[in-house]
Amino acid sequence: MLEALIFVVFPFCMLFAAISDMLSMTIANRVPVLLVVVFALVAPLTGMEWAAFGWHFAAGAVVLAVTFGLFAMGGMGGGDAKLLAATAVWMGLNVHLVEYLVVSTFIGGLLTLAILLYRKSPLAVFTGRNPFLRHFAEESAGVPYGIALGLGGLLTYPDSPLMVWALARLAG
13 MLEALIFVVF PFCMLFAAIS DMLSMTIANR VPVLLVVVFA LVAPLTGMEW
63 AAFGWHFAAG AVVLAVTFGL FAMGGMGGGD AKLLAATAVW MGLNVHLVEY
113 LVVSTFIGGL LTLAILLYRK SPLAVFTGRN PFLRHFAEES AGVPYGIALG
163 LGGLLTYPDS PLMVWALARL AG
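Sequential numbering from 13 applies to the sequence shown in the working numbering.
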């Protein structure tokens with residue numbers, strides 16, 4: 013049962029956040045809340061030491077403090093900040109968090125370049141009225157960074173502490 017939660021909840025939340033941000037430029041509060049609540053319930057049952065458990069939440073707090081500052085300055089959306097913090101809780105205060113941040117930043121940079129090129133292209137004039145593409149075509153709209161955060165989470169999740177534990181349980 014624990015393995016199933018570990019295999020399903022995090023990837024589902026990452027996909028949901030990416031698709032939601034792509035379609036509506038919003039990430040619902042229920043996504044980071046679900047991530048944090050499930051981690052808080054599942055991690056102790058995996059045998060994670062309490063100190064490690066605390067460090068996972070410390071990672072979330074540090075990331076939330078930094079991303080809230082970016083949000084307050086207008087450099088990041090609130091949903092992105094909360095998703096990053098909740099993902100940091102799952103990754104922990106270790107190299108896995110750094111890996112997630114680097115991968116997500118790289119994907120986000122590519123996504124931003126692609127959207128900026130699209131907005132300057134003649135294609136945006138013709139496709140900008142499409143409900144699916146309108147957020148990408150609007151010059152005043154931001155970049156749906158939840159796409160990069162979701163993909164970064166999916167790519168780095170297999171190395172995260174809970175996923176490593178769940179895979180070891182299945183293998184053993």
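Glycine included, each C-beta is placed from N, C-alpha and C at the ideal position. All of these numbers come straight from a predicted model, not from anything done at the bench.
Supposed contact pair Ser32 and Trp102 - C-beta distance, whole angstroms, cut 8 Å: The residue labelled residue 102 in the question sits at position 90 within the sequence shown. The residue labelled residue 32 in the question sits at position 20 within the sequence shown. Actually they are not in contact, since the Cβ atoms of Trp102 and Ser32 sit about 18 Å apart, beyond 8 Å.
Do three or more CB pairs link the stretch 84–98 to the stretch 33–51 at distances below 8 Å? yes
Below 8 Å, can you find three or more Cβ-Cβ pairs linking the stretch 122–132 to the stretch 84–93? no
Through-space distance from Val114 to Arg146, alpha-carbon basis: Residue numbering aside, residue 146 sits at position 134 when the sequence shown is read from its first letter. Residue numbering aside, residue 114 sits at position 102 when the sequence shown is read from its first letter. Each residue's Cα considered, the two are about 28 Å apart.
Using CA atoms only, rank isn't needed, just tell me which of Ala77, Leu135 and Phe51 is closest to Phe65. The residue labelled residue 65 in the question sits at position 53 within the sequence shown. Looking at the Cα atoms, Phe51 is the closest of the given residues.
Can you find the residues in the same chain that come closer than 7 Å, C-beta to C-beta, to Leu109, ignoring five residues on each side of it along the sequence? Numbered from its first residue, the sequence shown carries residue 109 at position 97. Answer for Leu109: Ala71, Ala100 and Met103, listed in chain order.
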